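Novice:
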Amino acid sequence: MKTYVRQMRPWGILALLCTALLSGCSSTLATEGSDPYTPDDVISMVEEEFAACKPQLVWEETEIEKEKPFERRIYVLRDTANDFTFSCNAVVRRPTLPRPGAERDTNAFFQYATGYAAHLNAAIGHVAEEYGFRAATTEEAEALIHSGAKRKHLDREVSLFDEGDFIFVTDGARGADLAAVCKALHALYRPNGDGTVLSALYGRKITFYYLPPNETDRTRAVFVAFFTLKGPNDWAATLADNPGSSSNEKDVAALEQNLARYFGSCLRNAR
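According to mature numbering (1 follows the signal peptide of the UniProt record, and there is no 0), the sequence shown holds residues -30 to -1, 1 to 241 in order.
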């Protein structure tokens, strides 16, 4: 018995491709002159993506930044459950794929995660205070980033303050205390063990600085060490992915001790 295969015309292949695109990502496809995602669309997307944070979003304001055919809107949304406000865009733009038409897009995930991180700042401050440290507020961190303060790294100068959370320690700080702070912040940034916030932020950097007693000018602080959090990593994987770890070590308690020793060495060098 022979099997006959009919050759498909080019337009048929194109039709199948379009059908696949429409069925796979219909929410992003649009045409010139289409409306961007609505506030309700964005709210639904964010509440589903960040379900671990238990958000309850309400729309507050809309600004049309650019008119059709490639409209750009700015939405102001409030998370009443976590008590913070954030703004995001919703746009219709030319497609990134080589196809006709347009596509909808929004930066709501990144903007929500950024707002959530700022909302955590008070809790981070409380964690730092438990160990006699001081965490920069969101406003202080922004000012420090723009202060222009530098530090020496190898044979060049780099920014003393670049991104993430800044925690200042002084005399009496121990490496084990810094490690404990990192563990607490890892839990804060992964509510219910979920790494969605960290993934949307492309990770989070925690940087420790030594500030001598009675010194109030934080731009004179001495860099101690940094620690990085990533969305997919549980605590064990986070320890293994940071300085002070051993590629052969798998025991979490041993990894924590290694991190504490590493931080202790960094503290001695900074003082």
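No residue lacks a Cβ here, since even glycine has one placed at the ideal position from N, Cα and C. Just so it is clear, the structure is predicted and the values come from calculations on it, not from any experiment.
#1: So Asn91 is in the beta strand (DSSP E); what residue range does that whole segment cover?
#2: Count the other CB atoms, across all protein chains shown, that sit within 10 Å of the CB of Ser(-8); report buried if there are 16 or more and exposed otherwise.
#3: Taking the straight line between their C-alpha atoms, what separation do you get for Phe196 and Pro183?
#4: Going by DSSP, what residue range makes up the alpha helix (DSSP H) through residue 288?
#5: So, are the CB atoms of Val12 and Ala60 less than 8 Å apart?
#6: Under 8 Å, with one C-beta from each stretch per pair, do the segment 97 to 115 and the segment 30 to 41 reach the 3-pair mark?
#7: Are the CB atoms of Phe56 and Glu19 nearer to each other than 8 Å?
#8: Grab the span of the alpha helix (DSSP H) containing Arg231 for me, first residue to last.
#9: Tell me, please, whether the segment 63 to 83 touches the segment 169 to 182 by the rule of three or more beta-carbon pairs shorter than 8 Å.
#10: Does the separation of the CB atoms of Lys200 and Gly173 fall below 8 Å?
#11: For Thr(-3), I'd like the list of residues in its chain whose CB is within less than 6 Å of its CB, leaving aside the five on either flank, ordered along the chain.
#12: Measure the Cβ-Cβ separation of residue 242 and Pro9 and say whether it is below 8 Å.
#13: Do you know whose CA, among Leu237, Glu2, Ala93, Phe103, lies nearest Val62's CA?
#14: Checking the sheet assignment: what are the DSSP bridge partners for His123?
#15: From which residue to which residue does the beta strand (DSSP E) around Glu31 run?
#16: Measuring alpha carbon to alpha carbon, tell me which of Ile34, Asn218, Lys120, Ala83 ends up nearest Arg48.
#17: Give the range of the beta strand (DSSP E) segment to which Ala73 is assigned.
#18: With distances taken from CA atoms, which of Ala119, His156, Thr50 is nearest Ala93?
#19: How big is the Cα-Cα spacing for Ala191 and Ser14?
#20: Could you pull out every unbroken alpha helix (DSSP H) segment of at least 4 residues lying fully inside the segment 123 to 164, listed in chain order?
#21: For Val128, which option in Phe193, Glu35, Leu90, Tyr101 has the closest C-alpha, if you only look at C-alpha atoms?
Specialist: The answer reads as follows:
#1: Taking the sequence shown and counting its residues from 1, the one referred to as residue 91 is at position 121. Not the beta strand (DSSP E): Asn91 falls in the alpha helix (DSSP H), residues 91 to 100.
#2: As a working note, residue -8 is residue 23 in the sequence shown. Below a pLDDT of 50, predicted positions are generally treated as unreliable, and Ser(-8), at 31, falls in that range; the measurement from the model is reported next regardless. When all chains shown are included, Ser(-8) counts as exposed.
#3: Here residue 196 refers to the residue found at position 226 when the sequence shown is read from its first residue. Here residue 183 refers to the residue found at position 213 when the sequence shown is read from its first residue. Approximately 21 Å between the Cα atoms of the pair.
#4: With the chain covering only -30 through 241, there is no way to say anything about residue 288.
#5: The residue given as residue 12 occupies position 42 in the sequence shown. The residue given as residue 60 occupies position 90 in the sequence shown. Closer than 8 Å, so yes.
#6: no
#7: If you number the sequence shown from 1, residue 56 lands on position 86. If you number the sequence shown from 1, residue 19 lands on position 49. Taking 8 Å as the Cβ cut-off, Phe56 and Glu19 do not qualify as a contacting pair.
#8: The residue labelled residue 231 in the question sits at position 261 within the sequence shown. Run containing Arg231: 222 to 240, per the alpha helix (DSSP H) assignment.
#9: yes
#10: Mapped onto the sequence shown, residue 200 falls at position 230. Mapped onto the sequence shown, residue 173 falls at position 203. Going by C-beta atoms, Lys200 is nearer than 8 Å to Gly173.
#11: Walking along the sequence shown from the start, residue -3 turns up at place 28. Hits under 6 Å: Glu73, Arg74.
#12: The question about residue 242 has no answer, for the chain in this structure spans -30 to 241.
#13: To locate residue 62, count along the sequence shown from 1; it is residue 92. Checking every option, the nearest Cα to that of Val62 belongs to Glu2.
#14: Working through the sequence shown from its first residue, we reach residue 123 at position 153. His123 pairs with Arg126.
#15: The residue given as residue 31 occupies position 61 in the sequence shown. Segment 27 to 36, the beta strand (DSSP E) holding Glu31.
#16: Position 78 of the sequence shown holds residue 48. With distances taken between Cα atoms, Arg48 lies closest to Ala83.
#17: Stepping through the sequence shown from its first residue, residue 73 is reached at position 103. The sequence given here has Glu at residue 73, not Ala. Looking at the DSSP string, the run of the beta strand (DSSP E) that includes Glu73 is 72 to 76.
#18: Position 123 of the sequence shown holds residue 93. Ranking the options by Cα distance to Ala93, first place goes to His156.
#19: Here residue 191 refers to the residue found at position 221 when the sequence shown is read from its first residue. Here residue 14 refers to the residue found at position 44 when the sequence shown is read from its first residue. Those two C-alpha atoms are separated by around 44 Å.
#20: 145 to 159
#21: As a position in the sequence shown, residue 128 is number 158, starting the count at 1. When only C-alpha atoms are compared, the closest one is Phe193.
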